[in-house]
Each structure stands twice: as C-alpha cells, then as structure tokens.
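Have a look at the structure below, then the notes.
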Amino acid sequence: MSLPLGILDQAPIPEGSTAGDALRNTLDLARMADNLGYTRFWLAEHHGAASLACASPEVMIGPVAAATSRMRIGSGGVMLPHYSPLKVAESFSMLEGLFPGRIDLGVGRAAGTSGRIAHSLQRDRRYAPPDDFEEQLDELCGLLEGHSGGPATGGPVAGSTPFALPSIWLLGSSEQSAIWAAERGLPYAFADFINPEGAEYARWYRRNFVSRRGSEPRVIVAVSAICAETDEEAMRLSLSQRMSLLMLFRGRTIPIPPVARAAEFLKSEGMPAELLPVGRRLITGSPEIVRTRIEGVARDYAADEVLVVTNTFDHQARRRSFELIAATLGSGGR
Numbered sequence: 380m381s382l383p384l385g386i387l388d389q390a391p392i393p394e395g396s397t398a399g400d401a402l403r404n405t406l407d408l409a410r411m412a413d414n415l416g417y418t419r420f421w422l423a424e425h426h427g428a429a430s431l432a433c434a435s436p437e438v439m440i441g442p443v444a445a446a447t448s449r450m451r452i453g454s455g456g457v458m459l460p461h462y463s464p465l466k467v468a469e470s471f472s473m474l475e476g477l478f479p480g481r482i483d484l485g486v487g488r489a490a491g492t493s494g495r496i497a498h499s500l501q502r503d504r505r506y507a508p509p510d511d512f513e514e515q516l517d518e519l520c521g522l523l524e525g526h527s528g529g530p531a532t533g534g535p536v537a538g539s540t541p542f543a544l545p546s547i548w549l550l551g552s553s554e555q556s557a558i559w560a561a562e563r564g565l566p567y568a569f570a571d572f573i574n575p576e577g578a579e580y581a582r583w584y585r586r587n588f589v590s591r592r593g594s595e596p597r598v599i600v601a602v603s604a605i606c607a608e609t610d611e612e613a614m615r616l617s618l619s620q621r622m623s624l625l626m627l628f629r630g631r632t633i634p635i636p637p638v639a640r641a642a643e644f645l646k647s648e649g650m651p652a653e654l655l656p657v658g659r660r661l662i663t664g665s666p667e668i669v670r671t672r673i674e675g676v677a678r679d680y681a682a683d684e685v686l687v688v689t690n691t692f693d694h695q696a697r698r699r700s701f702e703l704i705a706a707t708l709g710s711g712g713r
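When the letters of the sequence shown are read in order and numbered with my numbering, they come out as residues 380 to 713.
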C-alpha cells in the first residue's frame with residue numbers, strides 16, 4: 380500500500396520557546412517534507428492557546444508555499460464562523476494567484492478556541508454569533524465558483540478581482556460535517572485524531588455524495604502519530620502531547636512540556652499512559668508498527684490520503700518522526 384501522505388501542522392510551542400520559534404519550526408518542517416515526498420502541508424487555526432502558535436493559517440500559507448516547490452499548501456482549516464466569506468475568498472484567491480495549482484482552502488465549523496475568545500473574535504459582540512455555517516459555506520463556494528454567493532452578496536461582487544480557484548475541502552469530526560460535504564459535492568477531511576469513531580461517517584459520505592460539476596467523493600483522514608526507532612522511544616516522546624491534551628480537556632492550555640515533566644504528571648493519573656487521553660487515538664511506535672496502524676485507519680475510512688499531525692517537545696524528534704513515516708509508508712504522491 381502506498382498512501383499519499385500529508386502533514387497537518389499545528390505549530391506546537393515547546394515549553395521555553397516562543398510562538399515565533401514554533402512558526403520558524405513550521406517553515407523548517409515544510410522544507411523537509413517537500414523534499415521527502417509529502418503531498419500536502421496544511422496549517423491549523425487555533426486562538427489563545429499557549430501550546431499552539433498558528434492563529435491565522437492564511438498568514439503562514441504564503442511563506443510556506445514560498446519555501447517549498449512541490450507540495451500543496453493549505454488551511455486545516457479556516458474556522459469560517461469567525462469570518463466574512465468574501466474576505467476568506469479574497470485571501471485564498473490571492474494565494475492561489477501567487478501559487479497556482481498549489482493552494483487548498485480547508486474550512487471548518489469549530490471555534491478553535493474557548494467560547495470567551497470566540498466571542499472576542501466577533502466584530503459585533505452585542506449578540507452571540509448566529510449559527511449560520513451552512514449559509515456561510517454556500518456563500519463562500521458561490522463566490523469562488525463565480526455564481527450566486529448567497530443572500531449576503533446576491534452574486535459575484537461587482538468590480539472585484541476575478542477569483543482564482545483554490546481547492547475547497549470541508550473539514551469535520553462529526554456526522555453533520557459528512558452530510559454537508561456530501562450534499563455539496565465537496566471533498567471531505569475527517570479529524571480522526573479528534574474523533575476516532577468517524578469511519579462510518581466517511582462511508583455515509585461516499586454513499587450519499589451528490590456530484591456537483593463533475594466532482595467525485597474524496598476523503599482525507601487526519602491521524603495523530605509519533606514514530607521513532609523503537610516502540611519505547613515513540614511512547615516516551617508521546618508523553619508530552621498526552622499531558623498537553625489532558626490539560627486542554629481540563630480547561631487550561633500549556634506549552635508542550637518536556638518529556639520528564641510529562642512523565643511525572645501522568646504517573647499521578649492512575650491509568651497507563653498509553654490509554655491517555657481517553658477517547659483519543661494517538662498512534663505511536665517503531666516504523667513497522669506505525670505503518671500498520673496508519674494503513675489500518677486509512678482502510679477503515681477508505682481514505683484517498685492521510686494527513687499526519689505530530690506534536691513533540693523536541694522539534695528534532697518531530698522531524699525524525701516524519702522522516703521515518705515517509706520512509707516506511709513511501710512517497711505515494713511521487
């Protein structure tokens with residue numbers, strides 16, 4: 380099995396580092412991934428997180444695309460409820476114009492932050508933002524496809540620069556996102572690293588896909604994985620991410636902790652570290668183990684591609700993990 384492999388980069392901030400350091404690590408990782416044969420490099424959006432540096436994927440996509448030559452670069456994703464569809468369309472049209480054929484616009488519904496910060500992101504804070512993601516999505520697709528952009532626009536904006544067409548993906552981790560993607564004939568990226576029970580949603584999406592303008596169903600599954608030369612070392616490296624996620628679930632974000640401190644913290648949890656956090660799938664192991672488990676997840680989802688997210692305290696360990704994964708799974712995009 381030779382899977383097209385991509386990277387979902389969350390720009391992790393190791394304890395003792397700055398957000399700027401984390402973003403420079405993103406550029407370093409992208410250059411390496413381009414050379415290794417990864418097919419995509421997507422950037423996530425998070426706000427107010429002490430552990431993750433990228434609050435604006437569209438700001439990072441340009442530098443990453445300029446630093447690479449072959450991979451598709453995109454958002455994984457833009458959290459559309461925070462923004463005007465017109466502004467998103469303009470930003471990604473510009474990126475596609477600069478890097479033709481290489482830009483992906485992945486959009487999602489989640490806030491990517493706490494409720495308080497999500498409220499602060501809104502321009503009008505007198506009221507809670509409306510739950511109108513479907514309308515926003517239709518408006519965005521309409522703008523980029525050159526027909527009616529929805530009730531907010533009534534159609535293409537007169538006098539605007541013609542929109543270049545990035546590839547639009549709908550991101551999700553629930554049944555509802557699968558429904559929206561299928562109804563609109565959009566390619567679908569499922570976050571297994573958030574919800575490992577999504578294989579049935581992906582199957583439903585394929586069964587109920589409505590083709591628009593010749594589109595076909597396409598599925599990316601995004602998995603969390605850490606690979607090292609030995610199973611023991613991969614498990615040890617994963618402790619930092621396990622502690623970070625547990626703290627997130629308890630309402631507190633922290634920089635990615637050193638392995639030793641994470642190990643001490645996890646000892647007090649009363650459960651084997653490999654079972655933490657409960658409800659999340661984190662693939663760890665030597666290359667053969669990681670290959671087998673990633674291929675298994677891809678089969679479950681009937682996925683066309685896999686994106687891998689890896690957060691470690693040590694950036695060099697993260698680089699090495701992606702090197703090993705590329706070597707063991709092959710460069711399916713070449």
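For glycine and all other residues, C-beta sits at the position ideal for the given N, C-alpha and C.
Asked, Found
"Nonlocal neighbours in the same chain, by C-beta distance under 8 Å from Ile635, ignoring five residues either side", "Pro391, Ile392, Pro393, Glu394, Ser430, Ser619, Gln620, Ser623, Asn690, Thr691 and Phe692"
"Unbroken alpha helix (DSSP H) run spanning Thr405, endpoints", "Ala398 to Leu415"
"Gln389 and Val688 closer than 8 Å at C-beta", "yes"
"Integer-rounded CB distance, given that Leu544 should sit under 8 Å from Glu475", "6 Å"
"Enclosing beta strand (DSSP E) for Tyr584 [first to last residue]", "Premise fails: Tyr584 lies in the alpha helix (DSSP H), Ala578 to Arg586, not in any beta strand (DSSP E)."
"Collapsed DSSP secondary structure at Ile558 in the structure displayed", "helix"
"Close beta carbons around Pro530, own chain, < 6 Å, minus the five adjacent residues each side", "Low local confidence applies: a pLDDT of 42 at Pro530 is under 50, so the model's placement there is unreliable, with the coordinate-based value given in what follows. Here the set comprises nothing."
"Limits of the unbroken beta strand (DSSP E) element including Glu684", "Glu684 to Val688"
"Boundaries of the alpha helix (DSSP H) in which Arg668 is found, first to last residue", "Residue 668 is actually Ile in this sequence, not Arg. Element bounds for Ile668: Pro666 to Tyr680."
"Own chain, CB closer than 6 Å to Phe478, minus 5 neighbours either side, in chain order", "Ala444"
"Three-state secondary structure (DSSP) of Met458", "strand"
"Euclidean distance between Cα positions of Ser396 and Arg592", "47 Å"
"Separation of Val602 from Leu708, as counted between CA atoms", "14 Å"
"Any 3 or more C-beta pairs closer than 8 Å across the region 662-682 and the region 596-612", "yes"
"Three CB pairs or more closer than 8 Å across the region 414-430 and the region 679-686", "yes"
"Ranges of the beta strand (DSSP E) found wholly within the region 424-459, counting only runs of at least 3", "451-458"
"Backbone CA spacing between Ala641 and Leu661 [nearest angstrom]", "16 Å"
"Own chain, CB closer than 6 Å to Thr632, minus 5 neighbours either side, in chain order", "Ala428, Ala429 and Ser430"
"7 Å CB neighbourhood of Arg670 in its chain, flanking five on each side removed", "Thr707 and Leu708"
"8 Å Cβ cutoff met for Ala557 and Ala581", "yes"
"8 Å Cβ shell around Leu402 - same chain, five flanking residues per side excluded", "Ala390, Ala432, Cys433 and Met439"
"Reduced DSSP secondary structure (H/G/I, E/B, other) of Gly521", "helix"
"Residue span of the alpha helix (DSSP H) that contains Asp610, given as start and end", "Asp610 to Phe628"
"Host alpha helix (DSSP H) of Leu422 (start-end)", "That residue, Leu422, is in no alpha helix (DSSP H); its beta strand (DSSP E) goes Arg419 to Leu422."
"Span separating the alpha-carbon of Arg449 from that of Ile386", "14 Å"
"DSSP-derived helix/strand/coil call for Phe569", "strand"
"Beta-carbon proximity of Gly453 to Asp407, cut-off 8 Å", "no"
"CA nearest to the CA of Gln555, picked from Ser594, Tyr584 and Ile605", "Tyr584"
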